[in-house]
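Below is one structure, written out as structure tokens; the observations come after it.
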Amino acid sequence: MKIIIKKTRTKYILLTLLIVLLITSLSFNVFYFPKDDNETQISSIIYEQNVEYFNKYINRIIDDFQYDDYEEIVKQYNHLLALPLSKSDENFANRQKMFVYHNDTTNMLITVILTVSEHNDVGNDEWIHSYDVSPELVNRISEQNEIIVTQVPNIEMASQSFNINGCNVTVMVMSDILSEKNEVARVLIDFNNTFIQFLKNIN
Numbered sequence: 147m148k149i150i151i152k153k154t155r156t157k158y159i160l161l162t163l164l165i166v167l168l169i170t171s172l173s174f175n176v177f178y179f180p181k182d183d184n185e186t187q188i189s190s191i192i193y194e195q196n197v198e199y200f201n202k203y204i205n206r207i208i209d210d211f212q213y214d215d216y217e218e219i220v221k222q223y224n225h226l227l228a229l230p231l232s233k234s235d236e237n238f239a240n241r242q243k244m245f246v247y248h249n250d251t252t253n254m255l256i257t258v259i260l261t262v263s264e265h266n267d268v269g270n271d272e273w274i275h276s277y278d279v280s281p282e283l284v285n286r287i288s289e290q291n292e293i294i295v296t297q298v299p300n301i302e303m304a305s306q307s308f309n310i311n312g313c314n315v316t317v318m319v320m321s322d323i324l325s326e327k328n329e330v331a332r333v334l335i336d337f338n339n340t341f342i343q344f345l346k347n348i349n
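If you read the sequence shown in this note's numbering, its first letter stands for residue 147, the second for the next number, and so on.
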């Protein structure tokens, strides 16, 4: 009698376990996969919105943007540095546009790179980086850290990067004529003040 009861209880436990597994499996299929499809759809919508802003920005920059005595020399041409093989992106060439502004008087170059973000939503604007490098900075820091630096390129560079409406924008100013201290950084900040306001006025 005890053996029969034990077998019956074992069958009951196994049956209960099978029912629980079946319900869990059905729940997984019903709820999990539609959620994944929904996330994919949202990601696709975000990317389409970002591409729309990207194309607006490109067209308006080509047609209307001007900064002081600088001339944009790239126009419709697109230049792309090859990506590392370990991190390839077949569609990357279509997501990036470069502009180069040159000033003959100051011999300064300003590069502007716009890239469509595949993930950053429109409205999630933020600063990414802001820095400058010069021979004076390299020499000062190397001396503080007791590192011997015998040669430093006579180039000053300043760069800032930010997200705006689903696009990443990286602006860099460089020059080999160091007439005034922090002049490159000053030009970068002034350019970005003008450029960001220009982008904000594009609907």
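Every residue, glycine too, gets a C-beta built ideally from N, C-alpha and C.
query: Beta-carbon proximity list for residue 207, same chain, < 7 Å, skipping 5 on both sides; result: 245
query: Other residues of its chain near residue 303: CB distance less than 6 Å, five sequence neighbours each side excluded; result: 279 and 320
query: Beta bridge counterpart(s) of residue 310 as assigned by DSSP; result: 313
query: Residues that DSSP places opposite residue 225 in a beta bridge; result: Answer by DSSP bridge pairing: none, since residue 225 is not bridged.
query: Cα-Cα separation, residue 328 to residue 249; result: 17 Å
query: Own chain residues within Cβ distance below 7 Å of residue 331, not counting five before or after; result: 278 and 304
query: Per-residue DSSP class, three states only, for residue 243; result: strand
query: Cutoff 6 Å; reference residue 197; Cβ partners in own chain excluding five residues on either side; result: 262
query: Contact the region 332 to 345 vs the region 297 to 316: 3+ CB pairs below 8 Å; result: yes
query: Residue of 224, 299 and 228 minimising C-alpha distance to residue 116; result: Outside the displayed range of the chain (147 to 349) lies residue 116, so it cannot be described from this structure.
query: C-alpha distance - residue 283 paired with residue 274, whole-angstrom precision; result: 22 Å
query: Whole-Å CB distance - residue 97 paired with residue 264, under 8 Å assumed; result: This structure cannot speak to residue 97, because the chain is shown only from 147 to 349.
query: Reduced DSSP category for residue 350 - H, G, I as helix; E, B as strand; rest coil; result: Outside the displayed range of the chain (147 to 349) lies residue 350, so it cannot be described from this structure.
query: Residue 297 burial status per 10 Å Cβ neighbour count (16 or more: buried); result: exposed
query: DSSP state of residue 295 mapped onto helix, strand, coil; result: coil
query: Residue 319 (DSSP reduced to helix, strand or coil); result: strand
query: Rounded Cβ spacing between residue 243 and residue 204 (contact assumed at less than 8 Å); result: 5 Å
query: Proximity of residue 266 and residue 309 at Cβ, strictly below 7 Å; result: yes
query: Nearest to residue 311 (by Cα), restricted to the options 211, 190 and 346; result: 346
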